[in-house]
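Asker:
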């Protein structure tokens, strides 16, 4: 109610000022002929002064007086006509003032009623963050989201392909311990648009793979859940993404969907930061990079950021110590023991440098993520606690650290 009262008072004040201008313009306006009369009379006085000083002759003075007198008579006639005329009637002025006031006051309130959110309280940053956290806790589950989805039509595919998929279902059902068979079933169910069946098969594959399941596997599982829910990132998909990012904090598709989820939860600030970092890491032309490029400008607008184009994998990429995307790719050719040893060496060097020289919040976040990849959750939690003290006065850095720690599973 206070908002409506204040808005009505401001609109009324603006309308009153405009109405007074319309009314007083009629009362205080002066015809142009009145100004002409003053000028001509002053000219007559100047003629007498010039004649007395000898500047002009008597004959010239008479001729000038005659001309000025003629102009005075014409101006006086125009003045009398203006005073008797109705160039700006009083009733019309008051009517226009009333209409103006009605348009301003009524139009202002009506426009807000149509475009605004009547009854919606003012939300500061802290309140918005709190509401986003509540929304994350209370948002619909995967099953609830799928129940709201409209029924899909029958896919337009060859009958022979449908028969092959049916055979694959029977084969996968008879061989429940075949991880490869479950992977094929998930792929072909997705091709048919049966995303629920696809992520069920993918989930069985991951269970069979156990510790051998990769970040890609968990991201594909999350993606299938998201597609089954029409683009909605459910709590179940979030857990899959967390697992993927704990295995590989640099995994591009997982980072894309993580940013998408943050935007859905009402945290476009965190979503934009995640997508911007993912773009800088590149590589250009990757599907997740193209997806981010198509949406990041809108996300920046929602976050209140003046967006500047980011070149994927370009010179503006952050060069931070620690395991990068290229390092992870190179590690793919190594054995499990060699890969872990390589990551441990990088983590050790980064940890030593941060302990002796300090570093940015991004470097601390990368160390937390790398430790989670190594399975050293206790140390990752200790590093997170230390980083919170180091960046206690930097809210943006704390937000980044909290997001990384949450992905790593070491946040409170």
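Residue numbers (this note's numbering): 12 to 423.
We put the CB at the ideal spot given by N, CA and C, even for glycine.
It should be emphasised that the depicted structure is a prediction, and the values quoted were computed from it without experimental measurement.
Going by the CB atoms, is the gap between residue 243 and residue 156 shorter than 8 Å?
Answerer: Position 145 of the chain shown holds residue 156. Position 232 of the chain shown holds residue 243. For residue 156 and residue 243, yes; Cβs fall inside 8 Å.
Asker: So residue 200 packs on residue 209, CB below 8 Å; how close in whole Å?
Answerer: As a working mapping, residue 200 is identified with position 189 in the chain shown. As a working mapping, residue 209 is identified with position 198 in the chain shown. Indeed they touch by this definition, with Cβ atoms about 4 Å apart.
Asker: Could you have a look at residue 413 and say whether DSSP puts it in helix, strand or coil?
Answerer: Looking up residue 413 in the chain shown gives position 402. It is helical.
Asker: How many whole angstroms separate the CB atoms of residue 72 and residue 47, which I take to be in contact at a CB cut-off of 8 Å?
Answerer: Position 61 of the chain shown, counted from the start, is the residue given in the question as residue 72. Position 36 of the chain shown, counted from the start, is the residue given in the question as residue 47. Not confirmed; about 21 Å, so no contact.
Asker: Considering only the alpha carbon of each residue, which of 205, 90, 315, 173 lies closest to residue 162?
Answerer: Position 151 of the chain shown holds residue 162. For the residues 205, 90, 315, 173, the minimum Cα distance to residue 162 belongs to 205.
Asker: Report the option in 263, 240, 212 whose CA atom is closest to the CA atom of residue 230.
Answerer: For the purposes of this step, residue 230 is taken as residue 219 along the chain shown, with counting starting at 1. Residue 230 has its Cα closest to that of 263, out of 263, 240, 212.
Asker: Could you tell me the distance, in whole angstroms, from the CA atom of residue 97 to the CA atom of residue 61?
Answerer: Walking along the chain shown from the start, residue 97 turns up at place 86. Walking along the chain shown from the start, residue 61 turns up at place 50. In this prediction, residue 97 has a pLDDT of 49, which is less than 50 and means its spatial position is unreliable; what the coordinates show is noted afterwards. Distance between the alpha carbons of residue 97 and residue 61 is about 41 Å.
Asker: Looking at residue 245 and residue 153, is the spacing between their C-beta atoms short of 8 Å?
Answerer: Locating residue 153 in the chain shown gives position 142, where the first residue counts as 1. Locating residue 245 in the chain shown gives position 234, where the first residue counts as 1. The answer is yes: Cβ separation under 8 Å.
Asker: Please list, in chain order, all residues of the same chain as residue 311 whose beta carbon is under 7 Å from its beta carbon, the five residues on each side excluded.
Answerer: Here the question's residue 311 lines up with position 300 in the chain shown. Only 283, 318 meet the Cβ criterion.
Asker: By the three-class DSSP mapping on this structure, what secondary structure does residue 152 have?
Answerer: In the chain shown, residue 152 corresponds to position 141, counting from 1. If DSSP states are grouped into helix, strand and coil, residue 152 belongs with coil.
Asker: Find the nearest neighbour of residue 104 within the set 51, 196, 31, 148, judged by alpha-carbon distance.
Answerer: In the chain shown, the residue the question calls residue 104 occupies position 93. When only C-alpha atoms are compared, the closest one is 31.
Asker: On the criterion of 16 or more Cβ atoms from any shown chain inside 10 Å, does residue 184 qualify as buried, or is it exposed?
Answerer: Here residue 184 refers to the residue found at position 173 of the chain shown. Result: exposed.
Asker: Taking a contact to mean a Cβ-Cβ separation below 8 Å, would you say residue 376 touches residue 412 in this structure?
Answerer: Counted from its first residue, the chain shown places residue 376 at position 365. Counted from its first residue, the chain shown places residue 412 at position 401. It is a contact, given that the beta carbons lie within the stated cut-off.
Asker: Helix, strand or coil for residue 123, going by three-state DSSP, please let me know.
Answerer: Here residue 123 refers to the residue found at position 112 when the chain shown is read from its first residue. Helix.
Asker: With DSSP as the reference, label residue 420 as helix, strand or coil.
Answerer: Position 409 of the chain shown, counting from 1, holds the residue named residue 420. Residue 420: coil per DSSP, three-state reduction.
Asker: Using the beta-carbon count (16 or more within 10 Å), is residue 333 buried or exposed?
Answerer: In the chain shown, residue 333 corresponds to position 322, counting from 1. Confidence is the limiting factor: at residue 333 the pLDDT is only 49, short of 50, which leaves the residue's position unreliable, though a coordinate-based value still follows. Classification of residue 333: buried, given that the 10 Å Cβ count is 16 or more.
Asker: When the Cα of residue 383 is compared with those of 300, 254, 301, which residue comes out closest?
Answerer: Your numbering for residue 383 matches position 372 in the chain shown. Answer by Cα proximity: 254.
Asker: What's the C-alpha gap between residue 321 and residue 22?
Answerer: Looking up residue 321 in the chain shown gives position 310. Looking up residue 22 in the chain shown gives position 11. Cα to Cα, the separation comes out at about 43 Å.
Asker: Cα-Cα, which of 300, 324, 295, 280 is closest to residue 7?
Answerer: Since the first residue shown for the chain is 12 and the last is 423, residue 7 is missing from the structure and cannot be characterised.
Asker: Could you work out which residue in 226, 16, 391 is closest to residue 116 when comparing CA atoms only?
Answerer: Counting from one through the chain shown, the residue named residue 116 turns up at place 105. Closest by alpha carbon: 16.
Asker: According to DSSP, is residue 272 helix, strand or coil?
Answerer: Mapped onto the chain shown, residue 272 falls at position 261. Helix.
Asker: Our contact map puts residue 196 next to residue 180 with C-beta atoms below 8 Å; I'd like the distance itself, whole angstroms only.
Answerer: The sequence position of residue 196 within the chain shown is 185, counting from 1. The sequence position of residue 180 within the chain shown is 169, counting from 1. Their Cβ separation, rounded to whole angstroms, is 6 Å, which keeps residue 196 and residue 180 in contact under 8 Å.
Asker: Under a three-way DSSP split, which group does residue 304 fall into?
Answerer: Against the chain shown, residue 304 aligns to sequence position 293. Looking at residue 304 - three-state DSSP - the assignment turns out to be helix.
Asker: What are the boundary residues of the alpha helix (DSSP H) that includes residue 214?
Answerer: Your numbering for residue 214 matches position 203 in the chain shown. Where residue 214 is concerned, the enclosing alpha helix (DSSP H) stretches over 206-220.
Asker: Just to confirm my understanding: we take residue 414, look at its own chain, exclude 5 residues before and 5 after, and list those with CB closer than 7 Å. What are they?
Answerer: As a first step, residue 414 is located in the chain shown; it is residue number 403 there, counting from the start. For residue 414, where only same-chain residues beyond five positions count, the Cβ hits under 7 Å are 281.
Asker: Using CA coordinates, which residue listed in 123, 28, 259, 417 is at the minimum distance from residue 18?
Answerer: As a position in the chain shown, residue 18 is number 7, starting the count at 1. Among 123, 28, 259, 417, the Cα nearest to that of residue 18 is on 123.
Asker: Measure the C-alpha to C-alpha separation of residue 395 and residue 261 and round it to an integer number of angstroms.
Answerer: Mapped onto the chain shown, residue 395 falls at position 384. Mapped onto the chain shown, residue 261 falls at position 250. Near 18 Å, if we compare the C-alpha coordinates of residue 261 and residue 395.
Asker: May I ask you to report which of helix, strand or coil DSSP gives residue 142?
Answerer: Along the chain shown, read from residue 1 onward, the residue named residue 142 stands at position 131. It is helical.
Asker: What residue from 76, 241, 225, 390 has the CA that sits closest to residue 252's CA?
Answerer: Counting from one through the chain shown, the residue named residue 252 turns up at place 241. Per the Cα distances, 225.
Asker: By Cβ distance, which residues of its chain are closer than 6 Å to residue 234, with the 5 residues on each side in sequence left out?
Answerer: In the chain shown, the residue the question calls residue 234 occupies position 223. Cβ neighbours of residue 234 beyond the five flanking positions: none.
Asker: How many Å lie between residue 239 and residue 296 at the Cα?
Answerer: By one-based count along the chain shown, residue 239 stands at place 228. By one-based count along the chain shown, residue 296 stands at place 285. So the alpha carbons of these two residues sit roughly 26 Å apart.
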